[in-house]
Amino acid sequence: MREPADANRPWSARLYTAFVHVGKALRYSLRGLSTGAKSSLAFRQEILVLVVLCALLALTGKSPGQWLLGVGCWLSVMVGELFNTAIEETLDLITRDFSLGVQYAKDMASAAVILLVLFNVGLWLHLFGRDALSLLGMM
40 MREPADANRP WSARLYTAFV HVGKALRYSL RGLSTGAKSS LAFRQEILVL VVLCALLALT
100 GKSPGQWLLG VGCWLSVMVG ELFNTAIEET LDLITRDFSL GVQYAKDMAS AAVILLVLFN
160 VGLWLHLFGR DALSLLGMM
């Protein structure tokens, strides 16, 4: 069995290479977030919802676990939106002509996002339902 190419390199060189790799990956990820924010209205709206969600979690004094659950689940919507946009952009590069298969792929990617949003609505009812009822004087 062959040894990996960098097995004979000193650990400091391998560590440097790892940091360079992580730095490049971070740069690509930040560029993807920036591109999503610039090119997708839905993604910008989801960023706004994230800000409002964080404010509501803070104002209602939710626990760290509730913060993790609420923010983490909403971030899954944003991830889904980025995938949806990437799929749509890729399919548009392949063909601008109408194709039923392309339409199905775009519709299914969109359906994945709406399912994530619906799950989050249920989660928010659980997280904020009592707060909303108290505010309305119903509890």
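Numbering-wise, my numbering comes out as the position in the sequence shown, counting from 1, plus 39.
Beta carbons: idealized from backbone N, C-alpha and C, even for Gly.
Check, Outcome
"Which ranges would you report for the beta strand (DSSP E) in the region 47-96 if only whole runs of at least 3 residues count?", "none"
"Could you tell me the distance, in whole angstroms, from the CA atom of Tyr67 to the CA atom of Asp170?", "40 Å"
"Taking the C-alpha atoms as reference points, what is the distance between Gly119 and Ala148?", "8 Å"
"Determine, using beta-carbon pairs with one atom in the region 82-96 and one in the region 131-143, whether at least three such pairs fall under 8 Å.", "no"
"So what's Gly140 in DSSP terms, helix, strand or just coil?", "helix"
"Leaving out five residues on either side along the sequence, give the residues of the same chain with a beta carbon under 6 Å from the beta carbon of Val152.", "Gly119, Glu120, Asn123"
"Can you tell me whether Leu139 sits near the ligand FMN, meaning its C-beta is under 7 Å from at least one heavy atom of the ligand?", "With respect to the ligand FMN, the structure shown offers nothing to examine, as it has no ligands at all."
"Is it true that the CB of Leu87 sits closer than 8 Å to the CB of Val116?", "no"
"Can you give me the C-alpha to C-alpha distance between Asp146 and Lys77, rounded to a whole angstrom?", "22 Å"
"So, with DSSP's three-state summary, where would you put Leu154?", "helix"
"State the DSSP-derived secondary structure class of Ser29, mapped to helix, strand or coil.", "Because the chain in this structure spans residues 40 to 178, residue 29 falls outside the shown range and cannot be described."
"Should Leu180 go down as buried or exposed, given a rule of 16 or more other Cβ atoms within 10 Å for buried?", "Because the chain in this structure spans residues 40 to 178, residue 180 falls outside the shown range and cannot be described."
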